[in-house]
Amino acid sequence: MNQQFNDAIDQTFSEIDFLPGCSWAPLAEPVPSGSFHRLKIQAGSKIPPHTHPTDEFVLLLSGDLVTGGRKCTAGCFWHTPANIRQGPHEAVTDVELITVRLGSMGSFEP
C-alpha cells in the first residue's frame with residue numbers, strides 16, 4: 013500500500029441539501045460510517061442543534077463561527093464527545109473547517 017494524496021484543487025465540494033449554505037468535501041472514511049471532511053459554511057448560515065453517536069473533532073481553518081456559547085476564530089479546535097448536544101453553529105463570516113467524526117452522522121433536532 014502507498015500513501016494517498018488528495019490536493020485541494022482536486023477536492024470537490026457538494027451542497028448539503030438539508031443544511032442550506034453548507035457544502036462539504038469528504039476526504040476519507042477513517043472508520044465505518046465515519047468521516048474526515050472539509051466543510052464550508054456561508055456567512056449567516058446556521059447548522060441546528062444536533063448530536064452524533066460518536067466523538068467529533070473540529071479545527072476551524074478560516075472565518076468566525078459562534079458555537080458552544082462562544083465565538084471561535086481560525087485555529088480554534090474543539091472536541092465534542094459522543095451523544096453530547098452541540099450547536100447551533102452560526103457562521104458570522106464565511107467559514108471553512110475540518111471535521112473528523114468517528115462514526116455515523118446522527119440526527120438533527122427540528
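Going by our numbering, the first residue of the sequence shown is number 13, and it counts up by one from there.
Ideal Cβ placement from N, Cα and C applies to all residues, glycine included.
With H, G and I counted as helix, E and B as strand and the rest as coil, what does DSSP make of residue i?
| i | result |
| --- | --- |
| A40 | strand |
| I96 | coil |
| P122 | Low per-residue confidence applies at P122: pLDDT is 47, beneath 50, and the placement is therefore not dependable, though the value from the model is reported in the following sentence. It is coil, neither helix nor strand. |
| D19 | coil |
| S128 | Since the first residue of the chain shown is 13 and the last is 122, residue 128 is not available in this structure. |
Can you check DSSP and say which residues form a bridge with residue i?
| i | result |
| --- | --- |
| S26 | W36 |
| C88 | Note: C88 sits in no beta bridge, so no partner. |
| I53 | C34 and V107 |
| S45 | Looking at the DSSP assignment, S45 forms no beta bridge with any residue, so it has no partner. |
Please list, in chain order, all residues of the same chain as residue i whose beta carbon is under 7 Å from its beta carbon, the five residues on each side excluded.
| i | result |
| --- | --- |
| S57 | P32, G33, C34 and A103 |
| S109 | The amino acid occupying residue 109 in the given sequence is Leu; Ser does not appear at that position. So the list reads L51, V70, L71, L72 and L73, once near-sequence residues are dropped. |
So residue i is in the beta strand (DSSP E); what residue range does that whole segment cover?
| i | result |
| --- | --- |
| S74 | E68 to S74 |
| H101 | H101 to A103 |
| I110 | V107 to R113 |
| H64 | No beta strand (DSSP E) holds H64; DSSP gives it neither H nor E. |
| L31 | First-last for L31: undefined, no H or E at that position. |
Ignore the nearest five residues each way along the sequence and tell me which others in residue i's own chain have a CB closer than 6 Å to its CB.
| i | result |
| --- | --- |
| T63 | N95, R97 and G118 |
| G25 | The identity of residue 25 in the sequence shown is Phe, whereas the question assumes Gly. If we look at F25 and ignore the five residues flanking it on each side, its Cβ neighbours are S35 and A37. |
What residues in its chain sit with their C-beta under 8 Å from that of residue i, if we drop five residues either side in the sequence?
| i | result |
| --- | --- |
| T79 | W90, Q98, G99, P100, H101 and E102 |
| I28 | C34, S35 and W36 |
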